[in-house]
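Inspection log for the structure reproduced underneath, given as structure tokens.
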Amino acid sequence: MRSAAGCADVRIQSFLSEADERSLANDVLDGLTRPFKEIPPKHFYDARGSELFERICELPEYYPTRAEREILHASAEAIVSRTGAGELVELGSGSAEKARILLAAMSTAGTLRRYVPLDVSERALEAAALELVDEFDELSVHGVIGDFERHLNRVPGPAAGGTPRIVALLGGTIGNFPPGTRRRLLREIGRLLEPHDRLLLGTDLVKDPAVLEAAYDDADGVTAEFNRNVLHVINRELEADFVPDAFEHIAFFDRRHEWIEMRLRARRPCSVLVAGLGLRVEFAAGEELRTEISAKFTRPRLEADFQAAGLALDQWFTDGDGLFALSLARRL
Ligand code: SAH
Ligand code: AVI
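Those letters in the sequence shown? Residues 133 to 464, per the numbering used here, in order.
Here's what the structure looks like:
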């Protein structure tokens with residue numbers, strides 16, 4: 133654990149230890165020795181992966197960021213006045229671009245006190261924290277570098293004085309978890325909520341598969357590079373010898389599950405040595421490695437997830453084109 137030097141209003145604690153670095157090793161060992169190979173998406177986000185994600189957010193095909201920003205611009209004031217919140221806890225905060233809209237609404241309402249971002253990406257979190265304390269005089273930032281599947285207990289308790297909190301999980305990140313894990317995670321996040329606190333959850337909505345597939349397979353190939361970045365991460369961290377360009381980016385909408393699936397397909401037979409694990413992995417030509425699911429929601433399906441997780445929907449906001457939804461939910 134350490135604190136960022138030189139700024140009284142920023143405190144950053146890291147809870148990523150060697151044990152967490154082993155989480156990549158464990159995920160690679162488990163995931164690459166299964167009959168259907170799979171690596172969880174959290175391993176995309178080293179410094180390069182976070183930068184590639186930022187580029188994805190600006191792509192014409194990738195509508196979720198624009199749609200969610202539109203909702204926030206239209207509704208942040210109402211969200212803040214309804215909740216009275218002065219503190220924002222954001223899980224998977226990334227560049228904190230969207231947090232800024234909520235913090236500005238809290239500042240205007242005169243309630244703003246603290247921002248608590250939590251992310252595995254140290255670089256993104258530090259940069260965002262330093263920018264935000266510069267921007268809002270009254271703000272203090274308590275950043276947590278950690279994994280929200282393991283370190284929710286490291287989120288600091290409510291600040292003294294008891295301002296209501298918004299706990300946000302934006303961008304559709306909840307969709308990156310399969311249904312059972314998603315409900316478990318929602319339940320664990322719900323435990324952070326006091327009766328006057330609210331969860332603010334961003335979810336992408338079911339729509340024309342062509343629109344969805346374009347969003348995950350852009351013409352400039354940025355998403356393809358983001359997808360292959362996981363191979364660069366494994367090469368660097370686990371001394372593997374993947375040739376990333378030997379893998380083709382695949383993205384398709386699975387209509388039955390209502391989720392986008394991203395995969396990497398071997399263009400030719402590949403024999404990969406993961407030296408750090410003493411593991412050799414064979415890929416047949418055409419064999420696929422699943423790297424991400426990104427679930428798309430309907431309101432009834434999300435309400436069922438909330439209910440199963442001990443939460444209830446309070447308010448539902450969408451953008452003008454009905455592409456994306458923001459939900460305000462409370463603990464039952
Ligand atoms: N909330 C931002 C960023 C979304 S990208 C937005 O809406 O634009 C997903 C973010 O979640 C990345 O910053 C990534 O580093 C982070 N992330 C992914 N899995 C995580 C995990 N298990 N624990 C903590 N952060 C995670
Ligand atoms: C972070 N997450 C919600 C993004 C998504 O849309 O599922 C990650 C992403 N994958 C490809 N493009 C963007």
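All C-beta atoms, glycine included, are put in the ideal place defined by N, C-alpha and C.
Residue i CB to nearest heavy atom of ligand 1 below 8 Å
i, result
"Asp336", "no"
"Leu331", "no"
"Ser403", "no"
"Asn285", "no"
"Ala444", "no"
"Asp352", "no"
"Tyr348", "no"
"Phe429", "no"
Nearest neighbour of residue i, chosen from the options [CA to CA]
i, options, result
"Ala461", "Phe438, Asp451, Leu455 and Thr450", "Phe438"
"Ile211", "Leu250, Ser227 and Ile233", "Ile233"
"Arg400", "Phe415, Arg166 and Arg316", "Phe415"
"Val252", "Val273, Ser272, Gly224 and Leu458", "Gly224"
"Ala444", "Gly289, Leu464 and Lys339", "Leu464"
"Lys174", "Phe185, Arg166, Pro167 and Thr165", "Phe185"
"Gln145", "Arg319, Lys169, Val248 and Pro327", "Val248"
"Arg433", "Val354, Ser403 and Thr335", "Thr335"
"Ile366", "Gly408, Asp329, Val354 and Glu380", "Gly408"
"Trp391", "Asp269, Ile382 and Lys428", "Lys428"
"Glu380", "Glu267, Leu302, Ala398 and Gln447", "Ala398"
"Arg154", "Arg246, Leu244 and Asp279", "Asp279"
"Leu332", "Ala372, Asp446, Tyr348 and Arg282", "Asp446"
"Ala179", "His283, Arg245 and Asn361", "Asn361"
"Ala356", "Ala372, Leu191 and Pro296", "Leu191"
"Glu320", "Pro310, Ala347, Tyr348 and His283", "His283"
Inter-residue spacing [alpha-carbon to alpha-carbon] between residue i and residue j
i, j, result
"Glu209", "Ala342", "34 Å"
"Ala137", "Glu254", "Unreliable positioning characterises Ala137 in this predicted model, as indicated by a pLDDT of 40, which lies under 50. The coordinate reading is nonetheless provided below. Computed Cα separation, rounded: 15 Å."
"Leu161", "Arg422", "14 Å"
"Glu263", "Gly410", "42 Å"
"Asn308", "Ile425", "5 Å"
"Gly163", "Lys169", "5 Å"
"Thr450", "Arg198", "12 Å"
"Arg143", "Ala231", "17 Å"
"Glu435", "Gly454", "17 Å"
"Ile188", "Ile382", "16 Å"
"Val404", "Asp350", "28 Å"
"Leu235", "Asn285", "23 Å"
"Leu148", "Gly293", "30 Å"
"His328", "Thr295", "9 Å"
"Gly452", "Tyr194", "16 Å"
"Arg368", "Arg412", "16 Å"
"Asp352", "Glu345", "14 Å"
Proximity test, residue i beta-carbon vs ligand 2 heavy atom, cut-off 8 Å
i, result
"Tyr194", "yes"
"Ile203", "no"
"Phe415", "no"
"Ile392", "yes"
"Pro432", "no"
"Phe268", "no"
"Ile366", "no"
Cβ-Cβ separation, residue j to residue i (assumed contact under 8 Å), whole Å
i, j, result
"Gly322", "Pro196", "So it is not a contact: roughly 23 Å between Cβ atoms."
"Asp141", "Val287", "Actually they are not in contact, since the Cβ atoms of Asp141 and Val287 sit about 18 Å apart, beyond 8 Å."
"Val338", "Thr240", "At roughly 34 Å, the Cβ-Cβ gap does not stay under 8 Å, so Val338 and Thr240 are not in contact."
"Gly226", "Ser182", "7 Å"
"Pro85", "His389", "Summary: the structure shown does not reach residue 85, with the chain confined to residues 133 through 464, and so no result is reported for it."
"Glu219", "Ala291", "6 Å"
"Ile203", "Leu458", "5 Å"
"Gly275", "Leu257", "5 Å"
"Glu281", "Leu325", "18 Å between Cβ atoms; not a contact."
"Ala261", "Met238", "Not quite, the Cβ-Cβ distance comes to about 16 Å (not below 8 Å), so this is no contact."
"Leu244", "Glu270", "5 Å"
"Glu200", "Phe456", "5 Å"
Residue i at chain B interface by Cβ criterion, 9 Å
i, result
"Leu337", "The structure shown contains no chain B; it holds only a single protein chain."
One or two residues paired with residue i in a DSSP bridge
i, result
"Ala372", "Val406"
"Lys169", "Leu421"
"Met394", "Ala383 and Glu424"
"Ile298", "Leu220 and Arg330"
"Ala259", "Ala259 is not bridged to any residue."
"Thr450", "Ala457"
"Gln145", "Val276"
Heavy atom of ligand 4 within 8 Å of residue i beta-carbon
i, result
"Phe449", "The ligand content of the structure shown is limited to ligand 1 and ligand 2, which means ligand 4 is not among them."
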